[in-house]
């Protein structure tokens, strides 16, 4: 009895669990094959139910369509009945009219012979009968016309009757077709509903059978679960103990993680610092090697006698306008200041020169690059610096500058004065300045009494082979004030005009010649150095500049002389035996600077805007060709001995003249001095002497 009671309790407990399982059938059988199959069957059953619902919807739509077609068929039948009734009435009316017409014709035919007989008989009898005869003839004609009209109407009625027969046949055929289609659709619908009903019943039966099989499997799984529960309790206790142990370990894990992260961050920071220090060291070494390479390259260029070439890009100004043509087409290499990039017709072109100055470079930056070259003039070397580029590119600004921001010319003389003063204890120096221009292939003296006087270039009579200009005025300068007066007077006489490309376009090639003569007081060693500062006129396209008349002739002479300069550079580059220096006054004047006995530097000025890319491309290509020319090492002009008494006599009056000029000009110094007053203040040194070029 105790055992039975225990079994009953266990049975009740199992039934309660079974009810719970039935209430939640998916909970204990998660992941088993039967539950998945049951889910699939349920999904399939829901899909079948959806299909049945869709078919019912389609059936309701078909019933609605059948109803509409039935209504239309009833309307067509009503219309057909109306048409048939109208047709019967029309046929009856036409038949009545036809009978009347036949009767009229028969009566007329029956009366016609007696009328003819009467006509013939009356014709002989009297005039009264003639009138009756004509009236009867007219009436007969009228009746014949009515008969013809009745025949025509009869024919039309017969045609209408025939067309109505055809329409009736067509409508009946259409009605039969609609009825057949309706019966076919109704049969198809019944077949589909029957097949759907069968599918639904079959699916339900299959689902029920599978559900029974699954339920049996669930019961079996339940028994297995019970046994597993009994065996899993020890494992559960073990897992609980492990979990508690892991929980205790996890409590201390954040501290360990934070400590590990701190260590890793410290190591990463140290590695980053080491990498940064290594990068800084490599960058410093790279820059040092780059400077060393440039220094070695410059030294190699100096030994070879190459013409050094630097480029300067002017900034974009408001005179360039706006729009696509005024956009910037020039870019620079941030790591190498000797590379310049030009975007020409959508294609980038790169050029390598000795130095490239951006639009933000100052006059002082440019002068620092040529400073060492200028100071070598004091040591007895011949130096030539000339500016090249299209008109409006900034050549005159670079060479002459403004009173507030002077260019290379004035800064060079100031530097020479400071160097001379530093060496005044050991050396005695004298500096003279000459200025000339080449205008329309005519050499003119900018410091002479008559600036329009034509000068010629001659060989020195001393047999040295050097060139000089007889009659070129030479002023001795001893201070910065003397320099300013000379520059002001020479700038006043230089030819400039307005063009479409430049408001103050230089229409001539300007040449500033600075001669430095020195004597070593202890050894008597004499040195003579020359500094030629050349501001070339800008190349221009006549179509762009709008030059006409005299401006056109000036542009033609400028372009011709620059073309001759290009021919000379090409001949020097290809080491030809004959160099065409005499093709132009410009190249003939620069023969000493380009023939190997001089340190030469070219400043190529370029415009950065898009509309001038063709001229910029040509200028940079010409600069690359000039850079590849080797003139050979320059020589220092020295000789032993002292100044002759005649030379002392020539220089002392000049010094006294300049001192007296400064004394007279001190009270009336101003910015609005006239060229005549400047000439009175700056008198030539003694006499006009041959000035070597």
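Numbering (the numbering used here), first residue to last: 104 to 796. Using N, Cα and C, we set each Cβ at its ideal position, and we do this for glycine too. Keep in mind that this is a model prediction, so the values were computed, not measured.
Buried versus exposed call for residue i [16 or more other C-beta atoms within 10 Å across all chains shown]
i           : result
residue 142 : exposed
residue 697 : buried
residue 551 : buried
residue 758 : Interpretation of residue 758 is limited by its pLDDT of 35, a score under 50 that renders its predicted location unreliable; the figure taken from the coordinates is listed afterwards. Flag for residue 758 reads exposed.
residue 762 : Any reading at residue 762 needs caution, since the residue's pLDDT is 35, under 50, leaving its predicted position unreliable; the model's value is listed next. Its Cβ having fewer than 16 others within 10 Å, residue 762 is exposed.
residue 624 : exposed
residue 319 : exposed
residue 602 : With a pLDDT of only 47 at residue 602, under the threshold of 50, the placement of this residue in the model should not be trusted; the figure read from the coordinates follows. When all chains shown are included, residue 602 counts as buried.
residue 366 : exposed
residue 544 : exposed
residue 455 : exposed
residue 480 : buried
residue 329 : exposed
residue 804 : This structure gives no information on residue 804, because the portion of the chain shown stretches from 104 to 796.
residue 779 : Model confidence at residue 779 stands at a pLDDT of 43, short of 50, so the residue's coordinates are unreliable; what they give is reported in the following sentence. The residue is exposed, with fewer than 16 neighbouring Cβ atoms inside 10 Å.
residue 672 : buried
residue 546 : buried
residue 424 : exposed
Same chain only: Cβ atoms within 7 angstroms of residue i, ignoring 5 sequence neighbours per side
i           : result
residue 419 : 429, 431, 711 and 712
residue 189 : none
residue 593 : 538, 549 and 550
residue 117 : none
residue 461 : 416 and 435
Limits of the alpha helix (DSSP H) - the one that residue i falls within
i           : result
residue 663 : 653-676
residue 477 : 466-478
residue 278 : 230-354
residue 411 : Careful: residue 411 lies outside any alpha helix (DSSP H), inside the beta strand (DSSP E) at 411-416.
residue 493 : Counting along the chain, residue 493 falls outside any alpha helix (DSSP H), and DSSP gives it neither H nor E.
residue 696 : 694-697
residue 588 : 583-596
Where the beta strand (DSSP E) through residue i begins and ends
i           : result
residue 613 : 612-623
residue 732 : Per DSSP, residue 732 belongs to no beta strand (DSSP E) and is neither H nor E.
residue 572 : 570-572
residue 539 : 530-542
residue 419 : Counting along the chain, residue 419 falls outside any beta strand (DSSP E), and DSSP gives it neither H nor E.
residue 458 : 458-460
residue 702 : 702-709
residue 447 : 442-447
Own chain, CB closer than 6 angstroms to residue i, minus 5 neighbours either side, in chain order
i           : result
residue 664 : 687 and 689
residue 310 : 144 and 148
residue 615 : 512, 538 and 636
residue 714 : 428
residue 722 : 492, 707 and 709
residue 447 : 716 and 720
residue 299 : 155 and 158
Expected contact under 8 angstroms - CB spacing of residue i and residue j to nearest Å
i           : j           : result
residue 563 : residue 693 : So it is not a contact: roughly 16 angstroms between Cβ atoms.
residue 499 : residue 695 : Not really, about 23 angstroms apart at Cβ, beyond 8 angstroms.
residue 459 : residue 445 : Not a contact, Cβ separation roughly 11 angstroms.
residue 704 : residue 413 : 7 angstroms
residue 619 : residue 534 : 5 angstroms
residue 457 : residue 730 : 7 angstroms
residue 560 : residue 519 : So it is not a contact: roughly 25 angstroms between Cβ atoms.
residue 172 : residue 281 : 6 angstroms
residue 266 : residue 186 : Their Cβ separation, rounded to whole angstroms, is 11 angstroms, which puts residue 266 and residue 186 out of contact at 8 angstroms.
residue 675 : residue 732 : 5 angstroms
residue 501 : residue 490 : 6 angstroms
residue 496 : residue 411 : Not really, about 19 angstroms apart at Cβ, beyond 8 angstroms.
residue 274 : residue 246 : The pair is not a contact, with the Cβ atoms about 41 angstroms apart (cut-off 8 angstroms).
Three-way DSSP call (helix, strand, coil) for residue i in this model
i           : result
residue 452 : strand
residue 552 : coil
residue 640 : coil
residue 630 : strand
residue 484 : coil
residue 575 : coil
residue 112 : helix
residue 804 : No statement about residue 804 is possible, as the shown extent of the chain runs from 104 to 796 and does not include it.
residue 382 : helix
residue 198 : helix
residue 687 : coil
residue 799 : Within the shown structure, residues of the chain are numbered from 104 to 796, placing residue 799 beyond reach of any answer.
residue 504 : strand
residue 427 : helix
Residue i Cβ short of 7 angstroms to the ligand NAD heavy atom set
i           : result
residue 258 : By its list of ligands, the structure shown contains no ligand whatsoever, and the ligand NAD lies outside what it can speak to.
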